[in-house]
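Note that the sequence shown covers residues 10 to 156 in this note's numbering.
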Amino acid sequence: MKKILTLLFAFLFSAVSFAQTGTLKIKVSGIKSHKGNIKAALYNEEGKESFLKDLKNVYSKKQTAVTGDEVTIIFKNLPYGVYAVSLFQDENNNNILDRAKIGFPIEPYGVSGNKKTFGPPRFDDCKFELKTPLLYKNIILGSFGGK
10 MKKILTLLFA FLFSAVSFAQ TGTLKIKVSG IKSHKGNIKA ALYNEEGKES FLKDLKNVYS
70 KKQTAVTGDE VTIIFKNLPY GVYAVSLFQD ENNNNILDRA KIGFPIEPYG VSGNKKTFGP
130 PRFDDCKFEL KTPLLYKNII LGSFGGK
């Protein structure tokens with residue numbers, strides 16, 4: 010009986026130590042042009058200094074073809090934690106967010122939380138916590154100046 014209880018407790022405590030994971034489903038709306046792909050970058054707290062700057066420390070990347078006014082992007086098996094998403098519509102499929110000569114984006118873009126700021130939002134402005142098996146987020150594409 011003692012061995013059974015010991016094994017039962019060992020099993021219970023080992024199950025608790027497994028990292029919990031979830032799925033993030035992002036509905037991207039506000040698509041005006043049915044050209045190109047939506048490219049999404051998911052950052053966790055370890056990569057927050059790279060948010061909207063580069064993809065060196067991105068946690069995961071996804072892309073999906075634009076097939077209508079809305080598309081869904083799914084990130085699976087994410088460890089519970091804090092994340093932020095940036096995305097853009099690569100209308101000409103050149104794999105970069107095209108910018109005007111003075112630096113502002115000329116392709117539609119969006120971030121988690123749909124933050125509209127003067128200048129690029131920070132990770133902390135866009136972060137959210139994944140702590141359930143399934144989390145839905147909505148991101149509305151926009152363009153510089155709200156066009």
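Think of the CB as a built atom: it goes at the ideal place given N, C-alpha and C, for glycine as much as any other residue.
Given the structure is predicted, the values throughout are model-derived calculations rather than measurements.
Whole-Å CB distance - residue i paired with residue j, under 8 Å assumed
{"i": "ILE40", "j": "ILE82", "result": "About 12 Å separates the two Cβ atoms, so there is no contact after all."}
{"i": "ILE35", "j": "VAL94", "result": "6 Å"}
Classification of residue i by the beta-carbon crowding that lies within 10 angstroms, buried from 16 upward
{"i": "PHE60", "result": "buried"}
{"i": "PHE127", "result": "exposed"}
{"i": "SER42", "result": "exposed"}
{"i": "GLU116", "result": "buried"}
From the options, residue whose alpha carbon lies closest to that of residue i
{"i": "PRO114", "options": "GLY122, PRO129 and LEU139", "result": "PRO129"}
{"i": "ASP78", "options": "LEU144, ASN66, ALA49 and SER38", "result": "SER38"}
{"i": "PHE132", "options": "LYS36, GLY56 and HIS43", "result": "GLY56"}
{"i": "LEU33", "options": "GLY45, TYR52 and LYS44", "result": "TYR52"}
Three-state secondary structure assigned by DSSP to residue i
{"i": "LYS156", "result": "For LYS156, the predicted model reports a pLDDT of 47, less than 50, meaning its position is unreliable; a value from the coordinates is still stated below. It is coil, neither helix nor strand."}
{"i": "LYS136", "result": "coil"}
{"i": "GLY119", "result": "strand"}
{"i": "VAL25", "result": "With a pLDDT of 49 at VAL25, under the threshold of 50, the modelled position of this residue cannot be trusted, and the question is left open."}
{"i": "LYS146", "result": "strand"}
request  = Could you tell me which uninterrupted beta strand (DSSP E) segments, each at least 3 residues in length, are contained entirely in the region 59–125, listed from first to last along the chain?
outcome  = 69–74, 80–88, 90–99 and 118–120
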